[in-house]
Structure formats: structure tokens, C-alpha cells
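**Q** Residue numbers (the working numbering): 62 to 389. Think of the CB as a built atom: it goes at the ideal place given N, C-alpha and C, for glycine as much as any other residue. This is the structure I want to talk about, given as C-alpha cells.
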């Protein structure tokens with residue numbers, strides 16, 4: 062099949078779904094889906110008040126304490142020095158850590174490996190920035206010798222990067238892991254039920270949207286399930302996809318997205334009420350919301366959901382996914 066071909070939901074998929082393998086390295090295949098995910102997460106932190114409070118605190122501490130011989134500068138210049146150094150450094154460490162952690166997850170590597178590589182990658186640019194600030198702001202007699210500067214930056218950046226990565230999954234931005242889509246026009250139920258997407262058209266007079274018995278059955282299936290109880294009510298219960306994120310999961314519904322403290326393996330039992338499956342070690346998808354089957358740039362099979370999320374399919378799951386989609 063050709064990339065970009067759309068199939069209506071519920072339609073039977075052709076048997077020529079399988080795509081030839083491309084001779085791409087495992088690293089590139091793991092890096093490709095990591096880049097857009099890391100950028101979205103970076104923007105969440107960028108818009109977070111908590112994140113900028115941490116950065117402001119670090120700048121203030123550096124400006125007041127004057128480490129690395131910056132105490133020879135006036136207080137205002139110290140604040141300029143450390144703000145100019147800290148802000149770009151933290152942003153660089155954050156985006157590199159997010160990319161490499163997600164790549165490591167796709168490769169089944171430990172996060173410590175990704176954190177160490179991120180720290181080593183960021184050391185060079187941070188050393189260059191520090192040298193530029195020394196040359197611009199520090200008096201000649203107080204400038205750092207190069208060997209001392211390099212050893213000090215390495216001794217600071219690597220432990221800080223490892224520590225930040227250790228706590229990264231729990232440092233979620235305040236209020237920014239819950240994104241609500243614009244509500245559709247027209248009347249809609251207060252809480253949509255799984256398998257019954259919201260529509261803009263009102264029901265014909267005298268005809269219920271769902272028989273009372275079916276409504277009661279659908280409600281009883283999800284009542285008391287931990288995953289559905291932890292979802293914000295305004296997001297409804299029509300789950301499109303779920304993505305693992307260490308001890309958390311990112312749940313996407315037809316109305317938005319939320320981050321829930323739960324492992325994907327524990328959530329799978331709750332998701333058995335929906336017509337979906339685990340298509341990747343980090344992804345569960347509701348097959349009723351798959352609107353497109355595409356081929357990624359690295360040759361992997363990707364599912365595009367009604368929410369616009371691109372989900373990679375593990376090679377070991379290709380045949381099963383294709384069979385489920387063709388079965389309708």
C-alpha cells in the first residue's frame with residue numbers, strides 16, 4: 062500500500078498492507094519517533110510556570126553565591142552572568158535528555174545510559190558558552206584557566222544531568238499534561254462512553270443515542286476500573302491511545318490528553334473493555350480510532366489515530382495488527 066492512503070473507520074483493509082523492510086539501523090528507527098515526542102514534551106515544560114520557577118531559582122542562587130570566581134563581579138553582573146549561562150544550559154540539557162531518553166526506551170536501554178550520553182553531549186556547548194561569558198564579563202585576572210574551567214564544567218554538568226533525569230518523570234509541568242480539544246458544536250453527552258464518539262448532530266426526536274440497557278452495560282464495564290477513575294471527567298472515557306512513560310501513562314481521548322500515575326501493564330487489564338491492543342512496548346491503541354495505516358521514514362509500520370497521533374507498530378506485532386484491522 063502507498064503511504065498517505067486513508068481507510069474509513071470500520072472498513073476492511075486490503076491484504077497488501079505489509080511493507081518491505083528498509084535497511085535502516087536500529088538507532089535511526091528508535092530516534093525517528095523520539096524526535097516529535099521530545100519536542101512536544103519540551104514545549105510543555107516551556108509553558109510551565111513550575112519549570113521557569115526552577116530556572117529562576119538557579120539563576121538567583123548563582124547570582125547571590127557567585128561560584129566559580131564570579132564573586133569578583135558586582136551583584137548585577139553576577140546575575141547577568143549566571144542567567145545567561147543557566148537558561149540556555151538547562152534548555153539544552155532538557156531537550157537532549159528528552160530525545161535520548163525516548164530513544165533509549167525504544168531500544169530497551171536503561172535511562173542512565175541516555176542521561177550519561179546527554180551530559181557528555183551538552184558539556185561542549187556549555188564550556189563554549191562559559192568561555193564566551195568569561196571573555197565578555199570577567200576581569201582579566203579572574204578568568205578561569207581552560208583546564209580548570211573544563212574540569213569544573215564536566216564535574217557539574219554530568220551529575221546534574223544524571224540527577225535531573227532521575228527525577229524527570231515526576232517533574233511534570235503544572236496543569237500542562239492535560240490538554241483539552243475544542244468541544245464539538247451541538248449538544249453532546251456529559252461523559253462519552255467508549256466506542257461512541259461524540260457527534261455534532263443532535264439525535265432525532267424520539268430516538269435515544271443509545272438504548273438504556275446498552276448504556277448501563279457500557280457503564281458497568283468501566284465502573285470501578287482504576288484507569289477510568291483517574292481520568293479527568295472533562296476528558297470523557299473514549300480512549301484513543303495510551304503511551305507508557307516510566308511510572309506514568311499518557312492517555313489520549315477524543316477530548317484531550319492527561320498524564321496518569323499508572324504503569325501501562327497495569328492499565329491493560331482496564332483497557333480490555335475497549336477494542337484495542339498493545340502494538341508496541343510503549344503503546345496501546347484503540348483500533349476503532351485508527352484512521353490511517355502508513356509507512357514511517359524508517360520503514361516501520363505506523364498507525365495514525367483519529368486524534369492525529371502517529372503510533373509505531375513493533376515488528377513482532379505487525380501480523381497481529383494487520384489481522385485485527387482486516388477483521389474490522
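#1: What is the residue span of the beta strand (DSSP E) that residue 325 lies within?
#2: Name the one or two DSSP bridge partners that residue 345 has.
#3: What is the rounded straight-line gap between the Cα of residue 208 and the Cα of residue 134?
#4: Anyone know if the C-beta pair for residue 96 and residue 160 falls short of 8 Å?
#5: With H, G and I counted as helix, E and B as strand and the rest as coil, what does DSSP make of residue 374?
#6: Does the structure place the segment 163-182 close enough to the segment 197-207 that three or more beta carbon pairs sit under 8 Å?
#7: If you reduce the DSSP assignment to three classes, tell me which class residue 121 lands in.
#8: By DSSP, does residue 205 sit in helix, in strand, or in coil?
#9: Considering only residues of the segment 109-181, which uninterrupted alpha helix (DSSP H) runs meet the minimum length of 4 residues and lie entirely inside it, listed in chain order?
#10: Which residue comes first and which comes last in the alpha helix (DSSP H) that contains residue 381?
#11: Using the C-alpha atoms, what's the distance from residue 383 back to residue 339?
#12: With H, G and I counted as helix, E and B as strand and the rest as coil, what does DSSP make of residue 364?
#13: With distance defined between alpha-carbon atoms, name the residue in 324, 107, 210, 293 nearest to residue 149.
#14: Find the nearest neighbour of residue 123 within the set 162, 386, 309, 137, judged by alpha-carbon distance.
#15: Under the rule that 16 or more other beta-carbon atoms within 10 Å means buried, what is residue 305, buried or exposed?
#16: Please confirm whether residue 147 and residue 116 have their CB atoms less than 8 Å apart.
#17: Where do the ends of the alpha helix (DSSP H) carrying residue 290 lie?
#18: How many whole angstroms separate the CB atoms of residue 325 and residue 351, which I take to be in contact at a CB cut-off of 8 Å?
**A** Judging by the given coordinates:
#1: No beta strand (DSSP E) holds residue 325; the alpha helix (DSSP H) holding it covers 325-332.
#2: Answer is 303, 339.
#3: So the two alpha carbons sit approximately 22 Å from each other.
#4: yes
#5: Annotated three-state conformation of residue 374 is coil, per DSSP.
#6: At 8 Å Cβ cutoff, the stretches do not touch.
#7: helix
#8: For residue 205, the three-state secondary structure derived from DSSP is coil.
#9: 110-126, 136-167
#10: 379-387
#11: 13 Å
#12: strand
#13: 107
#14: 137
#15: buried
#16: yes
#17: 287-291
#18: Not really, about 18 Å apart at Cβ, beyond 8 Å.
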